[in-house]
Amino acid sequence: MNFVYISPTFPKNFYQFCECLKEKGLTVLAIGDTPYDQLTEELKNAIDDYYQVYSMENYDEMVKAMGYFIFHYGHIDWLESNNEYWLEQDARLRTDFNITTGMHSCDIEDMKCKSKMKKFYEEAGVKTARYHLTTTLEDGLKFIKEVNYPVVVKPDNGVGAAKTYKISSDEELKAFYLEDHPTQYIMEEFVNGLIISYDGIANLNKDILFETSHVFPNPIMDVVNEASSMYYYSLRDIPYDLKLAGQACVKTFRTAGRCFHMEFFRLLEDKEGLGKKGDLIGLEVNLRTPGGYTPDMMNYANDINVYDIYADMVVKGHSDYDHHRPYHCVYCGRRDYIHYKHSHNDVMEKYQFDLLMAERMPDILSGAMGNFTYTARFETMDEVNAFVDYVLG
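The letter at position 304 of the sequence shown is residue 303 when you use our numbering, and the numbering goes up by one with no holes.
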């Protein structure tokens, strides 16, 4: 079986996908823009061949790389990046090279456009925020008359919380429409809710091989726009209603043979026309593994190897592991410009037996994830909260 992995050097921990696939006996072929001699030894040992392109944005170069691999190794069975940025190009390559284990170009718009995701949530029986695809100021005012201020605007096809912000008045709304927007924006009613995710891996039959959940107390939109500290943590027990909603969404969305990251709001107050306090509201779905070092957090929290579970999914469609979750894993991201009460050395000394990672986040990810990060694990939420207070206080 031939597996082409796209962009194996970013994020740096993703080399482990290649490593586990190769350990299962697959021929692992990789395409990237990093010169071969700059690859880590771990990645070199995890792949059978590597094709360097000048730019992965250049589709012609990507086609040539695929042609090289097919000439030397035969038909490609899988192609994946597990990276939100490359989902559309991954789908195009699968389409053009008749790779059937994954989304094709005809599928991708439904999974990238926030407005189109809503019909899949609806099929799963999950409510979503009311929305309007922005056109004119007059139409925007009509929508706001229905849902009231504030509203949230963001690119309909966008990654993460990029260019996402809240509008709370007619003046701010008028300013929004005076700007030049090169892409279609979506406007949604504001939802006062706690963001909670349902994450995992599904096989080609959409059977769930692995599932977990993370809580994001400070919304990524606020973290990015306010350049504030951020933290999130995993749950040892997935709430029953979230498990039901997540499993239903796995069946409706195009999750076959994929990692998934599904986001929901847990309403913090009654919302007329939407739901009662405590209800789950669908936010958006990303058909890739959660960002940053979250896959490693899954490993730490569960004492497992999600990269190996993914490889099992590819090779045999199932995976056997202990589903017990012994820990909460918590991530804290500090900002360089904020003066924190406790120094780096303080944190390292106090939590020397609990810390799993402590390092700088790459600049390209720091907007949402912070500049310097600490990841630890604990058995109780009291310990998680104490850690967050100490690191970010």
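The C-beta atom is built at its ideal place from N, Cα and C for all residues, glycine as well.
Rounded distance between the beta-carbons of residue j and residue i, thought under 8 Å
| i | j | result |
| --- | --- | --- |
| Val146 | Leu279 | That belief does not hold up - the Cβ atoms of Val146 and Leu279 are roughly 19 Å apart, past 8 Å. |
| Asn57 | Leu28 | No, Asn57 and Leu28 are not in contact; Cβ-Cβ is about 18 Å, not under 8 Å. |
| Lys270 | Val190 | 7 Å |
| Leu78 | Gly192 | Not a contact, Cβ separation roughly 36 Å. |
| Leu203 | Ala123 | No, Leu203 and Ala123 are not in contact; Cβ-Cβ is about 19 Å, not under 8 Å. |
| Glu210 | Tyr197 | 7 Å |
| Tyr184 | Thr133 | 4 Å |
| Met312 | Leu172 | With 8 Å as the limit, Met312 and Leu172 do not qualify as a contact, their Cβ atoms being about 46 Å apart. |
| Phe70 | Val3 | That belief does not hold up - the Cβ atoms of Phe70 and Val3 are roughly 13 Å apart, past 8 Å. |
| Val314 | Leu38 | Not a contact, Cβ separation roughly 24 Å. |
Beta-carbon proximity list for residue i, same chain, < 8 Å, skipping 5 on both sides
| i | result |
| --- | --- |
| Cys19 | Asn304, Tyr306, Asp307, Tyr309 and Ala310 |
| Pro149 | Lys165, Ile166, Ser167 and Phe189 |
| Arg334 | Ala226, Ser227, Ser228, Gly369 and Asn370 |
| Glu349 | Note that residue 349 is Lys in the sequence shown here, rather than Glu. Same-chain partners within the cutoff: His341 and Tyr389. |
| Tyr292 | Pro10, Asn12, Tyr330, Met356, Thr372 and Thr374 |
| Lys250 | Ala123 and Lys205 |
| Met360 | Gly291, Gly332, Met368, Gly369, Asn370, Phe371 and Thr372 |
| Leu391 | Ser228, Tyr230, Cys331, Arg333 and Tyr339 |
| Tyr53 | Asp32 and Glu60 |
Cutoff 7 Å; reference residue i; Cβ partners in own chain excluding five residues on either side
| i | result |
| --- | --- |
| Asn298 | Asn304 and Val305 |
| Ser6 | Gly31, Met55, Ser80, Asn82 and Trp85 |
| Pro218 | Ile194 |
| Glu108 | Lys115 |
| Val387 | Tyr230, Val329 and Cys331 |
| Ala385 | none |
Endpoints, the alpha helix (DSSP H) within which residue i is located
| i | result |
| --- | --- |
| Phe252 | Looking at the DSSP string, Phe252 is not in any alpha helix (DSSP H), and its letter there is neither H nor E. |
| Leu136 | Leu136 to Val146 |
| Ala174 | Asp169 to Leu177 |
| Val196 | Val is not the amino acid found at residue 196; the sequence shown has Ser there. Run containing Ser196: none in the alpha helix (DSSP H); it sits in the beta strand (DSSP E), Gly192 to Ala201. |
| Ala29 | From DSSP, Ala29 is part of no alpha helix (DSSP H) but of the beta strand (DSSP E) over Thr26 to Gly31. |
| Ser228 | Here Ser228 belongs to no alpha helix (DSSP H), and DSSP marks it neither H nor E. |
| Met360 | No alpha helix (DSSP H) holds Met360; DSSP gives it neither H nor E. |
| Phe189 | Looking at the DSSP string, Phe189 is not in any alpha helix (DSSP H), and its letter there is neither H nor E. |
Same chain, Cβ closer than 6 Å to residue i, neighbours up to 5 away in sequence not counted
| i | result |
| --- | --- |
| Glu187 | Ala128, Tyr130 and Val151 |
| Gln15 | Tyr306 |
| Lys441 | For the chain, the structure presents residues 0 to 392; residue 441 sits outside this window and is missing. |
| Asp48 | Leu28 |
| Lys21 | Val27 and Ala45 |
| Asp106 | Arg253 |
| Arg93 | Leu78, Gly101 and His103 |
| Gly316 | Asn202 |
| His213 | Ser196, Tyr231 and Ser233 |
| Tyr320 | Ile303 |
Start-to-end residues for the beta strand (DSSP E) that takes in residue i
| i | result |
| --- | --- |
| Asn1 | Asn1 to Ile5 |
| His395 | What is shown of the chain runs 0 to 392, which leaves residue 395 out entirely. |
| Tyr339 | Looking at the DSSP string, Tyr339 is not in any beta strand (DSSP E), and its letter there is neither H nor E. |
| Ala375 | Phe371 to Phe377 |
| Glu382 | It is not in any beta strand (DSSP E) - Glu382 instead sits in the alpha helix (DSSP H) that spans Met380 to Leu391. |
| Tyr14 | Looking at the DSSP string, Tyr14 is not in any beta strand (DSSP E); the run it does join, the alpha helix (DSSP H), is Tyr14 to Glu22. |
| Val152 | Val150 to Pro154 |
| Ile207 | Ile207 to Phe215 |
| His131 | Tyr130 to Leu132 |
| Ile166 | Tyr164 to Ile166 |
heavy atom of the ligand NAD below 7 Å from residue i C-beta
| i | result |
| --- | --- |
| Asp32 | Because no ligand of any kind appears in the structure shown, any question about the ligand NAD cannot be addressed here. |
Quick test of the definition: if touching needs 3 or more C-beta pairs under 8 Å, does the segment 326-340 touch the segment 367-376?
yes
Entirely enclosed beta strand (DSSP E) segments - the segment 276-330, minimum 3 residues:
279-285
Three or more beta-carbon pairs under 8 Å between the segment 244-254 and the segment 333-353, yes or no?
no
Ranges of the alpha helix (DSSP H) found wholly within the segment 44-85, counting only runs of at least 4
58-72
Tell me whether the segment 90-110 and the segment 129-143 touch, counting them as touching only if at least three CB pairs, one residue from each stretch, are closer than 8 Å.
no
Touch check for the segment 252-266 and the segment 281-290: three-plus C-beta pairs under 8 Å?
yes
When you compare the segment 110-119 with the segment 42-50, are there three or more beta-carbon pairs, one atom per stretch, that lie closer than 8 Å?
no
Fully enclosed by the segment 83-117, which beta strand (DSSP E) runs are 3 residues long or longer?
none
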